[in-house]
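Numbering (UniProt numbering), first residue to last: 1 to 527.
Have a look at the structure below before the remarks.
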């Protein structure tokens, strides 16, 4: 206050303003002189970049430092939509990222639009509240660490390069660096459950949790006991893997997308190991990897790699499908992979011409427990009267044997259920007939088999049964809500729906009503 009074008495208001401007100019001049003198001696500061991107339906932001210079005189750009061509940019400061206000453009090469959080001058700014995808590129003096994690999509996965040490006893993948500046990222970690059905991961003991953690190379960090020269993929065979449908849509299809680029030069690390599951799909696993599977839950070794994918990529919103817009592969190539692995000979279904004496082969999957046909004999007799060659078979543990049976057929029919997943072995242009149970099961039937069939070049016919064809008629009175209003059961949730309409119901087909469906299938085979 004393100095304020002194300045007020000594200088006029106009003179005080000129004095302030002069002081500011002097500070700027001193600062500029400092950088001019010492700039040759200032080396690049190591940066650890955390990039965040939102999903396809949201806005995306980008930041990436591709130079070793401290200069950040970049052009400010506007927000880009994730579906448009992506750009990389360098954030001028952390607040820019946090506020989603503006981005700074870097004209270097780019593939992805992302949001960045930068460790700069030993300061870590970490905001992951709205992230769907986390990616890290860390350049050190003698090594390069790359980390890209998707933790908000339908499947969780991380792609990692660097000094990777996998400790089964703590379910942790350590990313180790000798660079001291990575100390700023200590205690940065992500939890991944490497099973490709995110919506089910909250269930208790569904799939083992794994940590991905950035650490410095210090004495208490686990030392390698087994070094590997090939990349690794760590995935879970827990969850719903005992169900044939989920074995394919949750594991085998995304595993194909993840592993195929390595041309069998990849090591599989399995968590939640199930020996029977591995034995059941041994042929496919060996076709994707030339190395013996490692039970990574074994707590005796520290396995070390230079490249690791933890979790499976390629899982999208459609069941039994591969999004060819984001993957170099498609379901057509996956089915070719199946035919090659199991030596399936039939590529296309029979095309019946007038006067052709060949009979199209019809496979009836009867089911043994729920949703079983109670009148298989009548159905087979009807089909034979229409000149089908009928085979009745139930899939079991012998995947190869049943794959050969179904591949030899032109038409497959069955009630909605996991057995219809075997359509992946059908030849192209074959026909799938899905019998839709009573109880508003149209949606689950469509997403599970109708939509995927189209992506596989399989022609689809649906047959929705009436309540009179359901054995639920024998279990409930005519006016019961189960028969009268299935939507009321749906409102109670999936478990309530499944416990009645999927678990308690068998089917007695009205063969006269079903006959036109078999006739339609014949017509398609003539086209």
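Backbone N, C-alpha and C define an ideal beta-carbon position, used for all residues, glycine too.
Note that the coordinates shown come from a computational prediction; the quantities given were computed from them, not determined experimentally.
3 or more residues per run - each beta strand (DSSP E) lying fully within the segment 244-330: 267-271 and 302-310
Can you list, in chain order, the residues of its chain whose CB lies under 7 Å from that of residue 519, leaving out five sequence neighbours each side? Excluding its 5 nearest sequence neighbours in each direction, residue 519 has C-beta neighbours in its own chain below 7 Å: 386, listed in chain order.
Quick test of the definition: if touching needs 3 or more C-beta pairs under 8 Å, does the segment 469-489 touch the segment 506-513? yes
At the level of alpha carbons, what is the spacing between residue 425 and residue 210? 34 Å
Skipping 5 residues on each side, what residues in its chain have a beta carbon closer than 8 Å to that of residue 453? 423, 432, 459 and 460
Residue range of the unbroken beta strand (DSSP E) whose run includes residue 236: 232-236
Could you tell me which residues DSSP pairs with residue 216 in its beta bridges? Residue 216 is bridged to 177.
Any chance you could list the alpha helix (DSSP H) runs of at least 4 consecutive residues sitting entirely within the segment 139-170, in chain order? Correct list: empty.
Which of the three DSSP states, helix, strand or coil, is assigned to residue 472? Of the three classes helix, strand and coil, the one that applies to residue 472 here is helix, per DSSP.
Which of the three DSSP states, helix, strand or coil, is assigned to residue 363? strand
Give the secondary structure of residue 333 by DSSP, where H, G and I count as helix, E and B as strand, and everything else as coil. helix
Is it right to say residue 25 is buried, meaning 16 or more other beta carbons lie within 10 angstroms of its own, or is it exposed? Label assigned to residue 25: exposed.
Quick one: using the 10 Å Cβ neighbour count with 16 as the cut-off for buried, is residue 396 buried or exposed? exposed
Taking only three categories from DSSP, how would you classify residue 511? helix
Using only alpha-carbon positions, find the residue among 349, 380, 429 and 351 that is nearest to residue 391. 380
According to DSSP, is residue 206 helix, strand or coil? coil
Beta-carbon contacts of residue 224 that lie in its chain and below 7 Å, excluding the five residues immediately before and after: 165, 302 and 304
Those residues which DSSP pairs with residue 190 across a bridge: 212
What is the rounded straight-line gap between the Cα of residue 255 and the Cα of residue 352? Roughly 37 Å between the two C-alpha positions.
Should residue 492 go down as buried or exposed, given a rule of 16 or more other Cβ atoms within 10 Å for buried? exposed
Could you tell me which residues DSSP puts in a beta bridge with residue 227? 304
Cα separation between residue 337 and residue 264? Cα to Cα, residue 337 sits roughly 13 Å from residue 264.
What's the C-alpha gap between residue 275 and residue 289? 17 Å
CB of residue 496 to nearest heavy atom of the ligand PLP: below 7 Å? Among the components of this structure there are no ligands whatsoever, and the ligand PLP is therefore not found.
Excluding five sequence neighbours on each side, which residues of the same chain lie with their C-beta closer than 7 Å to the C-beta of residue 496? 489
Helix, strand or coil: which one does DSSP assign to residue 339? Reduced to three states, the DSSP call for residue 339 is helix.
Rank 332, 195 and 177 by C-alpha distance to the C-alpha of residue 152 and give the top, closest one. 195
Expected contact under 8 Å - CB spacing of residue 295 and residue 273 to nearest Å: 5 Å
The beta strand (DSSP E) spanning residue 436 covers which residue range? 431-436
Which residue comes first and which comes last in the beta strand (DSSP E) that contains residue 386? Premise fails: residue 386 is in no beta strand (DSSP E) and is neither H nor E.
Do residue 161 and residue 307 have their C-beta atoms within less than 8 Å of each other? yes
Please name the residue in 233, 297, 498 and 313 whose C-alpha comes closest to that of residue 197. Nearest C-alpha to residue 197: 313.
Checking the sheet assignment: what are the DSSP bridge partners for residue 428? Partner residues in the beta bridge of residue 428, as assigned by DSSP, are 348.
Could you tell me if residue 355 is buried or exposed, where buried requires 16 or more neighbouring beta carbons within 10 angstroms of its beta carbon? exposed
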